[in-house]
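In my numbering, the protein residues as written are 145 to 497.
C-beta: ideal position from N, C-alpha, C; glycine also.
What follows is the structure, given as structure tokens:
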């Protein structure tokens with residue numbers, strides 16, 4: 145068995161197709177040639193270029209025939225060649241004045257100190273005015289809640305405080321009838337202004353203002369229109385004029401509210417001029433007030449004993465029945481009572497124009 149197991153006796157394994165194996169191994173170890181691969185691509189591109197060169201005259205001829213038959217395709221098949229403009233070299237006519245390497249010249253217009261203060265301290269509301277080291281403020285009858293908020297913001301810019309502890313408006317919310325305000329830098333200091341109508345009437349307040357200096361320590365004060373700064377004085381005069389015009393326009397309404405409120409709680413009925421005219425035109429009557437054929441006010445018999453007030457002042461039935469429809473504005477029949485509703489009072493309130 146040892147004789148037959150020696151390697152040289154395995155003829156099938158050691159000698160079968162040895163030449164083929166050697167050629168295969170040599171081919172696998174052989175280095176690939178790059179120029180052949182690139183040469184194939186180059187030859188392919190060259191052949192395409194040669195074919196295109198031979199077909200160019202034919203394509204030109206075919207394009208001319210197509211354009212002749214279909215002129216609309218001329219722009220597509222024969223595009224116009226746009227000539228490029230010739231560009232000249234740039235020539236610097238005048239040399240630039242270059243600054244020296246270590247120098248730089250800059251011109252800055254410095255404003256004066258007054259201009260600097262004005263530029264820095266610009267108020268966002270017409271009710272605050274800056275002058276020097278002081279903040280001047282103003283409250284007019286036309287100052288709104290939004291204006292008061294803006295004033296508070298202006299104070300806060302300088303670590304100052306502004307507060308309004310009381311604010312009253314007219315029944316129509318058109319102007320201020322009472323205000324209490326204060327400008328201060330701490331709770332225990334500051335200057336307060338107050339403007340109120342003492343007789344409880346509905347009228348615009350006069351303008352009031354104040355001033356306070358910047359910083360943790362300083363001074364403050366209050367002002368009236370006579371000693372205000374010019375800018376604030378102009379605002380005060382304009383607002384007071386506007387408030388007076390609105391008060392005159394609605395004075396009867398304010399008087400109605402004032403009188404009815406002064407009489408106490410109760411029920412009421414209101415008659416306007418136009419309602420009396422319309423009732424008379426329809427030939428109808430009311431149970432309280434009517435018009436005569438002469439255009440005079442006539443009070444119904446059931447209310448002849450009521451308490452009469454003409455424009456807020458005591459009057460009589462005879463006097464108010466002399467009021468013509470032209471001068472008449474409104475009439476309010478009001479009934480008031482005490483808490484137990486046993487003591488009742490009836491009023492006739494006549495308002496004329």
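Looking at the unbroken alpha helix (DSSP H) that takes in residue i, where does it start and where does it end?
i: residue 379; result: 374-393
i: residue 425; result: 417-425
i: residue 464; result: 461-464
Going by DSSP in three states, residue i sits in which element: helix, strand or coil?
i: residue 165; result: helix
i: residue 299; result: helix
i: residue 190; result: helix
i: residue 311; result: strand
i: residue 355; result: strand
i: residue 487; result: coil
i: residue 396; result: helix
i: residue 458; result: strand
i: residue 412; result: strand
i: residue 492; result: strand
i: residue 429; result: coil
i: residue 269; result: coil
i: residue 468; result: strand
i: residue 247; result: With a pLDDT of 36 at residue 247, under the threshold of 50, the modelled position of this residue cannot be trusted; read the value that follows with caution. Coil.
i: residue 497; result: coil
i: residue 371; result: helix
i: residue 290; result: helix
i: residue 196; result: helix
i: residue 252; result: At residue 252, the pLDDT of 35 sits below 50, so the modelled position is not reliable and the matter cannot be decided from this model.
i: residue 345; result: coil
i: residue 209; result: helix
i: residue 360; result: coil
i: residue 236; result: Because residue 236 carries a pLDDT of 47, less than 50, the predicted location of this residue cannot be relied on, and no value is offered for it.
i: residue 332; result: coil
i: residue 261; result: Note that residue 261 scores a pLDDT of 47, beneath 50, so its modelled location is shaky; the value from the coordinates is reported in the next line. The answer is helix: DSSP assigns residue 261 an H, G or I state.
In terms of residues, what are the limits of the beta strand (DSSP E) holding residue i?
i: residue 472; result: 472-481
i: residue 339; result: 335-340
i: residue 453; result: 451-454
i: residue 276; result: Neither: residue 276 is in no beta strand (DSSP E) and is coded neither H nor E.
Strictly under 9 Å for the Cβ-Cβ distance: is residue i near chain D by that measure?
i: residue 336; result: Considering every chain present, this structure includes no chain D. It has just one protein chain.
Under the assumption that residue i contacts residue j (Cβ atoms under 8 Å), give the Cβ distance between them as a whole number of angstroms.
i: residue 355; j: residue 274; result: Rounded, the Cβ-Cβ distance is 10 Å, inconsistent with contact.
i: residue 442; j: residue 435; result: 7 Å
i: residue 379; j: residue 491; result: Between residue 491 and residue 379 the Cβ distance is about 42 Å, and since that is not below 8 Å, they are no contact.
i: residue 478; j: residue 461; result: That pair is no contact at about 16 Å.
i: residue 498; j: residue 315; result: Given that the chain is displayed from residue 145 to residue 497, the structure contains no residue 498 and the question cannot be resolved.
i: residue 319; j: residue 390; result: 6 Å
i: residue 383; j: residue 285; result: 6 Å
i: residue 268; j: residue 290; result: Not confirmed; about 11 Å, so no contact.
i: residue 476; j: residue 493; result: 4 Å
i: residue 374; j: residue 352; result: In fact, because the Cβ distance is near 17 Å, the residues do not count as touching under 8 Å.
i: residue 346; j: residue 388; result: Not quite, the Cβ-Cβ distance comes to about 13 Å (not below 8 Å), so this is no contact.
i: residue 302; j: residue 322; result: At roughly 28 Å, the Cβ-Cβ gap does not stay under 8 Å, so residue 302 and residue 322 are not in contact.
i: residue 469; j: residue 417; result: 7 Å
i: residue 306; j: residue 327; result: 5 Å
i: residue 324; j: residue 334; result: Not really, about 12 Å apart at Cβ, beyond 8 Å.
i: residue 420; j: residue 282; result: Rounded, the Cβ-Cβ distance is 45 Å, inconsistent with contact.
i: residue 266; j: residue 292; result: No, residue 266 and residue 292 are not in contact; Cβ-Cβ is about 19 Å, not under 8 Å.
i: residue 400; j: residue 474; result: 7 Å
On the DSSP bridge assignment, give the partners of residue i in chain order.
i: residue 317; result: Bridge partners of residue 317: none, in fact.
i: residue 323; result: 311, 339
i: residue 442; result: 434
i: residue 447; result: DSSP, once it has assigned bridges, lists no residue as partnering residue 447.
i: residue 365; result: 355
i: residue 283; result: 352
i: residue 306; result: 327
With a threshold of 8 Å (Cβ to nearest heavy atom), would residue i be considered close to the ligand SAM?
i: residue 420; result: As for the ligand SAM, it is missing from this structure, which has no ligand bound.
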